[in-house]
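As structure tokens, the structure follows; a few thoughts come after it.
There are 2 protein chains.
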Amino acid sequence: MKKKILVVYAHPEPTSLTRTLVQVTVETLEKQGHEVIHSDLYGMHWKAVFDENDFPDRVDPNRLSFIAESAHAYVLGRQTEDVATEQAKLSSADAVILQFPLWWFGVPAILKGWIERVYAYGFGYGYKNEGNRYRYGDGALKGKKALVSVVAGGPPEDYGPRGINGPMDQLLFPLTHGALFYPGMDVLPIHPVYGATHIATAAEVEDVKEAWRCRVRRLFEDAPIPFRSQNGGGYPDRHTLGDNVAPGQNGLLAHIAGEAR
Amino acid sequence: MKKKILVVYAHPEPTSLTRTLVQVTVETLEKQGHEVIHSDLYGMHWKAVFDENDFPDRVDPNRLSFIAESAHAYVLGRQTEDVATEQAKLSSADAVILQFPLWWFGVPAILKGWIERVYAYGFGYGYKNEGNRYRYGDGALKGKKALVSVVAGGPPEDYGPRGINGPMDQLLFPLTHGALFYPGMDVLPIHPVYGATHIATAAEVEDVKEAWRCRVRRLFEDAPIPFRSQNGGGYPDRHTLGDNVAPGQNGLLAHIAGEAR
Chain A
24 MKKKILVVYA HPEPTSLTRT LVQVTVETLE KQGHEVIHSD LYGMHWKAVF
74 DENDFPDRVD PNRLSFIAES AHAYVLGRQT EDVATEQAKL SSADAVILQF
124 PLWWFGVPAI LKGWIERVYA YGFGYGYKNE GNRYRYGDGA LKGKKALVSV
174 VAGGPPEDYG PRGINGPMDQ LLFPLTHGAL FYPGMDVLPI HPVYGATHIA
224 TAAEVEDVKE AWRCRVRRLF EDAPIPFRSQ NGGGYPDRHT LGDNVAPGQN
274 GLLAHIAGEA R
Chain B
24 MKKKILVVYA HPEPTSLTRT LVQVTVETLE KQGHEVIHSD LYGMHWKAVF
74 DENDFPDRVD PNRLSFIAES AHAYVLGRQT EDVATEQAKL SSADAVILQF
124 PLWWFGVPAI LKGWIERVYA YGFGYGYKNE GNRYRYGDGA LKGKKALVSV
174 VAGGPPEDYG PRGINGPMDQ LLFPLTHGAL FYPGMDVLPI HPVYGATHIA
224 TAAEVEDVKE AWRCRVRRLF EDAPIPFRSQ NGGGYPDRHT LGDNVAPGQN
274 GLLAHIAGEA R
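From first to last, the protein sequence lines are chains A and B. Residue numbering for the first sequence follows this note's numbering, starting at 24 and increasing by one per position. Residue numbering for the second sequence follows this note's numbering, starting at 24 and increasing by one per position.
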């Protein structure tokens with residue numbers, strides 16, 4: 024069945040490895056008969072900074088509360104056009120693919136600012152104006168697939184279980200769990216490319232493209248990361264893991280079912 | 024002895040809790056006889072997006088490599104003035120304090136973009152043009168103190184050891200370990216404020232201010248997080264923990280000496 028996929032990417036250089044992999048995304052999905060829509064953040068000159076200009080019609084002109092103004096702007100349709108457009112693209116998509124270089128162990132500022140501005144109160148959080156009732160597996164984006172393609176300069180061993188940078192899936196937990204699973208998306212395991220600064224030959228690039236092509240092809244088949252949902256029984260008080268859930272485990276990995284400590 | 028402290032902050036609303044705590048920082052340090060310098064990112068209209076405009080004099084006008092252009096611009100003094108100014112402020116400071124609201128489990132985009140742009144190759148990484156030789160405890164900012172003040176809307180239990188968001192120190196590991204310890208700073212334990220949306224009365228605000236005042240007073244006395252240094256013996260190959268270091272431990276916390284798993 025034909026699906027719609029939103030590809031959000033954050034690199035200005037068309038010949039970069041990130042952008043090369045964006046091309047693979049588009050070709051692979053279109054070959055499968057799907058429709059691809061783009062958010063080329065650099066190409067769009069996306070406004071990265073969340074500020075007072077996001078709220079042309081203020082509920083309180085004297086004091087800027089981001090939550091209060093965001094809720095007001097979202098519910099009354101007084102958001103800026105760029106934000107409303109991105110929300111509509113997200114809402115219409117069956118899946119979202121994020122593609123970016125790892126900068127200082129996180130997403131580039133332009134992508135962070137996309138999340139901050141597009142995730143309005145009522146949309147990215149505070150769904151149905153119900154505070155934290157719908158989050159972590161439940162929300163406005165429930166059931167959509169999310170897939171992260173990240174390109175790191177450092178070698179894979181630096182990101183291994185005992186690598187000096189820390190494991191990639193833990194470094195990006197604020198993105199996968201905190202930004203994608205939070206409003207309800209099914210988040211697939213991250214697809215990292217390591218040692219990007221040393222990928223030089225055409226054969227090496229082709230290997231990287233092929234590995235990603237395989238992941239994209241299975242976008243609607245692969246199992247998501249088994250993050251525990253807030254409302255699925257793991258968090259009886261909606262704040263902390265129940266005593267019978269992952270007993271004795273602490274930290275980020277306790278929020279993933281079946282994850283060895 | 025009189026010290027110089029750079030305070031970098033990221034909230035546009037002067038009456039916000041973040042900015043209230045910035046005032047506490049300034050008052051406390053000046054009362055101690057220190058000199059405070061400011062990087063008010065919103066007030067400065069800091070350019071958050073790292074892009075081709077950061078490199079007015081390109082080594083390769085046809086293809087944008089951030090690392091190559093950053094190294095070129097830094098070593099030849101062809102950076103933009105705003106970036107060079109922030110580097111000079113960092114270099115002249117004995118300590119750096121970052122103050123910001125937690126947005127989507129990380130720093131606001133404007134602060135992420137400050138790190139990305141100011142941390143040039145040769146300065147924030149690639150010190151002495153030696154690749155990864157100097158990092159994680161060694162580098163251009165070696166010996167400076169770093170302290171993070173973060174304001175979160177959610178309650179403390181959400182950030183506890185088994186809290187649904189994950190522990191704050193693990194969520195901000197990419198900042199403390201990956202951005203502050205990386206170029207050599209001694210990073211103090213994070214000072215979080217939780218439940219900010221429910222801090223309402225003057226007495227509650229005063230409690231929050233007083234707790235922070237105590238932390239600021241001890242800026243040059245408190246023990247840093249005992250992150251393991253790359254060149255201190257923990258990583259014989261500069262990539263992974265040695266077999267005799269934290270044996271059997273994996274993940275972020277293995278990089279902190281004495282941290283229970």
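Glycine included, C-beta positions come from ideal geometry on N, C-alpha and C.
Report task. Classify residue 58 of chain A as helix, strand or coil using the three-state DSSP reduction. Result -> Stepping through the first sequence from its first residue, residue 58 of chain A is reached at position 35. Three-state result, residue 58 of chain A: strand.
Report task. Compare the C-alpha of residue 72 of chain B against each of B:133, B:256, B:215, B:205 and name the closest. Result -> Here residue 72 of chain B is taken as the residue at index 49 of the second sequence, counted from 1. Here the closest residue by C-alpha is B:133.
Report task. Identify, in the order they occur along the chain, each residue of the same chain with its Cβ nearer than 8 angstroms to the Cβ of residue 182 of chain A, setting aside the five sequence neighbours on each side. Result -> Here residue 182 of chain A corresponds to residue number 159 of the first sequence, with the count starting at 1. Closer than 8 angstroms at the Cβ level, and outside the excluded window around residue 182 of chain A, lie 175, 188, 189, 190, 191, 194, 215, 217.
Report task. Return no unless some Cβ of chain B is closer than 9 angstroms to the Cβ of residue 285 of chain A. Result -> Nothing about residue 285 of chain A can be reported from this structure: the residues present for chain A run from 24 to 284 only.
Query - Separation of residue 62 of chain B from residue 77 of chain B, as counted between CA atoms - result: On the second sequence, position 54 is the one that residue 77 of chain B refers to. On the second sequence, position 39 is the one that residue 62 of chain B refers to. Cα to Cα, residue 77 of chain B sits roughly 19 angstroms from residue 62 of chain B.
**Report entry** Rounded distance between the beta-carbons of residue 102 of chain A and residue 96 of chain A, thought under 8 angstroms
**Finding:** Reading the first sequence from its first residue, position 73 is the one you call residue 96 of chain A. Reading the first sequence from its first residue, position 79 is the one you call residue 102 of chain A. Right, their Cβ atoms sit about 5 angstroms apart.
Query raised in the report: In angstroms, rounded to a whole number, what distance separates the CA positions of residue 274 of chain A and residue 236 of chain B?
Result: As a position in the first sequence, residue 274 of chain A is number 251, starting the count at 1. As a position in the second sequence, residue 236 of chain B is number 213, starting the count at 1. Approximately 29 angstroms between the Cα atoms of the pair.
Query raised in the report: What is the rounded straight-line gap between the Cα of residue 248 of chain A and the Cα of residue 147 of chain B?
Result: Start at 1 with the first residue of the first sequence, and residue 248 of chain A comes out as number 225. Start at 1 with the first residue of the second sequence, and residue 147 of chain B comes out as number 124. Cα to Cα, residue 248 of chain A sits roughly 33 angstroms from residue 147 of chain B.
**Report entry** Nearest-angstrom Cα separation, counted from residue 276 of chain B out to residue 282 of chain B
**Finding:** For the purposes of this step, residue 282 of chain B is taken as the residue at position 259 of the second sequence. For the purposes of this step, residue 276 of chain B is taken as the residue at position 253 of the second sequence. Between residue 282 of chain B and residue 276 of chain B, the C-alpha separation is close to 6 angstroms.
Report task. Starting from residue 129 of chain B, follow its DSSP beta bridges and name the residues at the other end. Result -> Position 106 of the second sequence, counting from 1, holds the residue named residue 129 of chain B. The beta-bridge partner set that DSSP reports for residue 129 of chain B consists of B:126.
Query raised in the report: Shorter than 9 angstroms from the beta carbon of residue 218 of chain A to some beta carbon of chain B?
Result: Working through the first sequence from its first residue, we reach residue 218 of chain A at position 195. By this cut-off, residue 218 of chain A is not an interface position.
Query raised in the report: From what residue to what residue does the alpha helix (DSSP H) around residue 106 of chain B run?
Result: Residue numbering aside, residue 106 of chain B sits at position 83 when the second sequence is read from its first letter. It spans 104-115 - the alpha helix (DSSP H) in which residue 106 of chain B sits, taken as one unbroken run.
Query - Secondary structure of residue 186 of chain A, DSSP reduced to three states - result: Counting from 1 along the first sequence, the entry for residue 186 of chain A is found at position 163. In this structure, residue 186 of chain A counts as strand in the three-state DSSP scheme.
Query raised in the report: Below 8 angstroms, can you find three or more Cβ-Cβ pairs linking the region 141-157 of chain B to the region 217-226 of chain B?
Result: no
Requested in this report: Would you mind giving the Cβ-Cβ distance between residue 90 of chain A and residue 220 of chain B, rounded to the nearest angstrom? I have them listed as a contact below 8 angstroms.
Outcome: Locating residue 90 of chain A in the first sequence gives position 67, counting from the first residue. Locating residue 220 of chain B in the second sequence gives position 197, counting from the first residue. Confirmed, about 7 angstroms.
Query - Cβ-based neighbour list, residue 271 of chain A, same chain, cut-off 7 angstroms, excluding 5 preceding and 5 following - result: The sequence position of residue 271 of chain A within the first sequence is 248, counting from 1. Nothing meets the Cβ criterion.
Report task. Would you kindly check if the distance between the Cβ of residue 31 of chain A and the Cβ of residue 121 of chain A is under 9 angstroms? Result -> Sequence index remark: in the first sequence, residue 121 of chain A carries index 98 (1-based). Sequence index remark: in the first sequence, residue 31 of chain A carries index 8 (1-based). Yes, Cβ-Cβ distance for residue 121 of chain A and residue 31 of chain A is below 9 angstroms.
Query raised in the report: How is residue 94 of chain B classed by DSSP in three states: helix, strand or coil?
Result: The residue given as residue 94 of chain B occupies position 71 in the second sequence. Looking at residue 94 of chain B - three-state DSSP - the assignment turns out to be helix.
Query raised in the report: Between residue 198 of chain B and residue 130 of chain B, which are expected to be in contact by the criterion C-beta below 8 angstroms, what is the C-beta distance as a whole number of angstroms?
Result: On the second sequence, residue 198 of chain B is found 175 positions in, with the first residue counted as 1. On the second sequence, residue 130 of chain B is found 107 positions in, with the first residue counted as 1. That belief holds up - the Cβ atoms of residue 198 of chain B and residue 130 of chain B are roughly 6 angstroms apart, short of 8 angstroms.
Query raised in the report: Residues in the region 130-145 of chain A with C-beta within 9 angstroms of chain B's C-beta atoms, listed in sequence order?
Result: For the region 130-145 of chain A, the residues whose beta carbon sits under 9 angstroms from a beta carbon of chain B are, in order, 130, 131, 132, 133, 134, 135, 136, 137, 138, 139, 140, 142.
Report task. Decide if residue 115 of chain B is buried, meaning its Cβ has at least 16 other Cβ atoms within 10 Å, or exposed. Result -> Mapped onto the second sequence, residue 115 of chain B falls at position 92. With a threshold of 16 other beta carbon atoms within 10 Å, residue 115 of chain B falls short and is exposed.
Query raised in the report: If you drop the 5 nearest sequence neighbours on each side, which residues of the same chain put their C-beta closer than 8 angstroms to that of residue 209 of chain A?
Result: Along the first sequence, read from residue 1 onward, the residue named residue 209 of chain A stands at position 186. Cβ neighbours of residue 209 of chain A within its own chain (closer than 8 angstroms, five residues either side excluded): 166, 167, 168, 169, 247.
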